Amino acid sequence: MFAGPVEFLKGVVAMSGLPDADRLEVCFAGRSNVGKSSLINAITGRKAIARASNTPGRTQEINFFTLGESHYLVDLPGYGYANAPLAKVEAWQRLLKQYLSGRPNLRRAFVLIDARHGIKDVDEEIMSLLDSSAVTFQCVLTKVDKLKAGERDKVLDQVRGKLAKHPAAFPELIVTSSEKGEGIATLRAVIATLE
Ligand code: GDP
22 MFAGPVEFLK GVVAMSGLPD ADRLEVCFAG RSNVGKSSLI NAITGRKAIA
72 RASNTPGRTQ EINFFTLGES HYLVDLPGYG YANAPLAKVE AWQRLLKQYL
122 SGRPNLRRAF VLIDARHGIK DVDEEIMSLL DSSAVTFQCV LTKVDKLKAG
172 ERDKVLDQVR GKLAKHPAAF PELIVTSSEK GEGIATLRAV IATLE
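Numbering (the UniProt record's numbering), first residue to last: 22 to 216.
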């Protein structure tokens, strides 16, 4: 699907560290513990590639991976830590804003939402930032294997209702389970068809 290696390239803490915008780029955002590392591992087919992002010291960085020779996959720091110091939160919000508005090759942001929890206020904040940065974003529901039969439609309705208020939201959702492999091929295909 993605010809060439999938590798951790670098962690970035300032705009000056960004790699050249010479490939198509997609980024992944989500609350901490949403299942972002598991999803990145699943779509790259590498068991522990996103572990690089979760090692101490890397959790506040924007982490770049090569996805074959044509794409960058960007792992944004998880947000919504209950105990994060305000200065750190502000610093990363600043970098995030700069990144989102300064990356001409960024084709889409994937905002991960835990299927059990739906869209929370902190997710709305990121979505509003994506709206104002004019970055198209698509919601990816994670851990759907944890939903009971019959719960899925309720969650999808809640998410669709909230997305309708965001001008930058791509209407179609991607429903995934990294554990069961559901939706992974769809997500890969969406990335591969971006131009
Ligand atoms: P991150 O903090 O967003 O990178 O989240 P992780 O990928 O580290 O996952 C957080 C927790 O959720 C871990 O205990 C994972 O095993 C679990 N998890 C992640 N994806 C899934 C999934 O699709 N299904 C289930 N049942 N658990 C998952």
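From the three backbone atoms N, C-alpha and C, an ideal C-beta is built for every residue, glycine too.
Small disclaimer: the values here were computed from a predicted structure and weren't measured.
Practice problem: Could you tell me whether any non-hydrogen atom of ligand 1 is closer than 7 Å to the CB of ASN54? | Solution: In the sequence shown, residue 54 corresponds to position 33, counting from 1. Flag set: Cβ of ASN54 near ligand 1.
Self-check item: Proximal residues to LEU126 (C-beta, below 7 Å), its chain only, five neighbours per side dropped
Solution: What you label residue 126 is simply residue 105 of the sequence shown in a count that begins at 1. Checking the sequence shown, residue 126 turns out to be Asn, not Leu. Hits under 7 Å: ALA42, ARG44, LEU45 and GLU46.
Exercise. Report the rounded CA-to-CA distance for LEU168 versus THR214, giving the unit in angstroms.
Key: Numbered from 1 along the sequence shown, position 147 holds the residue referred to as residue 168. Numbered from 1 along the sequence shown, position 193 holds the residue referred to as residue 214. Those two C-alpha atoms are separated by around 29 Å.
Quiz item: Got a sec: does ligand 1 put a non-hydrogen atom nearer than 7 Å to the Cβ of LYS109?
Solution: Locating residue 109 in the sequence shown gives position 88, where the first residue counts as 1. LYS109: no, Cβ never under 7 Å from ligand 1.
Quiz prompt | chain D within 8 Å of ILE195, Cβ atoms only | solution = This model lacks chain D altogether, as it is built from one protein chain only.
Quiz item: What do you reckon, is the C-beta of LYS164 under 7 Å from a heavy atom of ligand 1?
Solution: For the purposes of this step, residue 164 is identified with residue 143 of the sequence shown, where counting begins at 1. LYS164 Cβ: within cutoff of ligand 1.
Exercise. Take every Cβ of the region 78-97, pair it with every Cβ of the region 173-188, and state whether three or more of those distances are shorter than 8 Å.
Key: Too few Cβ pairs lie closer than 8 Å, so no.
Quiz item: Is the region 57-64 touching the region 196-207 in the sense that three or more CB pairs, one from each, lie closer than 8 Å?
Solution: Remark: three or more beta-carbon pairs, one from each stretch, lie closer than 8 Å, so the region 196-207 and the region 57-64 are flagged as touching.
Quiz item: Over what stretch of residues does the beta strand (DSSP E) that includes THR87 continue unbroken?
Solution: For this step, residue 87 is matched to residue 66 along the sequence shown. Run containing THR87: 83-88, per the beta strand (DSSP E) assignment.
Quiz item: Once you ignore the five residues that flank PHE23 on each side, which residues in its own chain have a CB closer than 6 Å to its CB?
Solution: As a position in the sequence shown, residue 23 is number 2, starting the count at 1. Result list for PHE23: LEU88 and GLY89, in chain order.
Practice problem: Check whether the Cβ of GLY51 sits closer than 7 Å to any heavy atom of ligand 1, and report yes or no. | Solution: Taking the first residue of the sequence shown as 1, we reach residue 51 at position 30. Yes, Cβ of GLY51 sits closer than 7 Å to a heavy atom of ligand 1.
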